[in-house]
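Numbering that gives the first Met the number 0 puts the first residue of the sequence shown at 0, with every later residue one more than the last. These notes are about the structure you will find just below.
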Amino acid sequence: MTNDLLYLLLRASINASLSDRDAFIDKVSKIIEQQTHKDPEAARRLSDHIAGAMEGLNSTLLLRQLFTPRRDKKLTQTLDQLTTAVEKLNALLEDPSSPTQPAKPKEQ
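Structure (structure tokens):
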């Protein structure tokens with residue numbers, strides 16, 4: 000449950016950041032220019048790659064959310080009870096002294 004919430008929040012923040020991709024690239028490229036003293040074109044290309052990576056991360060998180068099996072506590076408990084019941088039933092059926100054992104046909 001916690002991972003689901005974290006993935007949802009992270010995906011929401013990525014979507015919000017990239018809702019205006021051009022504005023995102025402009026802002027990130029300005030930060031890159033200021034911090035690394037790269038030329039504006041190189042900073043813009045790097046910003047575009049960062050935006051692409053963020054979109055890829057968003058898609059990966061979505062797929063992870065969709066295909067991660069969810070374990071419900073009540074469902075797990077019910078499955079455990081059913082497994083126990085089936086094991087008991089098998090034990091009863093395999094017990095030769097059990098009256099529920101079907102009679103073997105007599106060979107002629």
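Every residue gets a Cβ at the ideal spot worked out from N, C-alpha and C, and that includes glycine. Bear in mind that the values here come from a model prediction, so they are computed numbers and not experimental data.
I'd like the span of the alpha helix (DSSP H) that includes S28, first residue to last. For the purposes of this step, residue 28 is taken as the residue at position 29 of the sequence shown. Unbroken alpha helix (DSSP H) run through S28: 20–35.
Let me make sure I understand the geometry here. Which of Q80, K73, I13 has the alpha-carbon closest to that of S58? In the sequence shown, residue 58 corresponds to position 59, counting from 1. Comparing Cα-Cα distances from S58 to each of Q80, K73, I13, the minimum goes to I13.
DSSP three-state assignment for T67, whether helix, strand or coil: What you label residue 67 is simply residue 68 of the sequence shown in a count that begins at 1. It is coil, neither helix nor strand.
Can you tell me the Cα-Cα spacing of S28 and L17, whole angstroms? Mapped onto the sequence shown, residue 28 falls at position 29. Mapped onto the sequence shown, residue 17 falls at position 18. The alpha-carbon atoms of S28 and L17 are separated by roughly 14 Å.
Report the rounded CA-to-CA distance for R20 versus A84, giving the unit in angstroms. Numbered from its first residue, the sequence shown carries residue 20 at position 21. Numbered from its first residue, the sequence shown carries residue 84 at position 85. C-alpha separation (whole angstroms): 57 Å.
Own chain partners of A50 with C-beta closer than 8 Å, once the 5 adjacent residues on each side are dropped: Translated into the one-based positions of the sequence shown, residue 50 becomes position 51. Cβ within range, chain order: L17, R20, F23, I24, V27.
On the three-pair Cβ rule with 8 Å, is the segment 78–93 touching the segment 39–49? Using a Cβ-Cβ distance cut-off of 8 Å, the segment 78–93 and the segment 39–49 are not in contact, since fewer than three pairs of beta carbons, one from each stretch, lie closer than that value.
Using C-beta distances below 8 Å, list every residue in its chain close to T35, excluding the 5 sequence neighbours before and after it, in chain order. Along the sequence shown, one-based indexing puts residue 35 at 36. Excluding positions up to five away in sequence, the list reads A42.
Does the beta-carbon distance from L60 to L9 come in below 9 Å? What you label residue 60 is simply residue 61 of the sequence shown in a count that begins at 1. What you label residue 9 is simply residue 10 of the sequence shown in a count that begins at 1. Taking 9 Å as the cut-off, the Cβ atoms of L60 and L9 count as close.
Where does S12 sit, in a helix, a strand or coil, going by DSSP? Here residue 12 refers to the residue found at position 13 of the sequence shown. Helix at S12.
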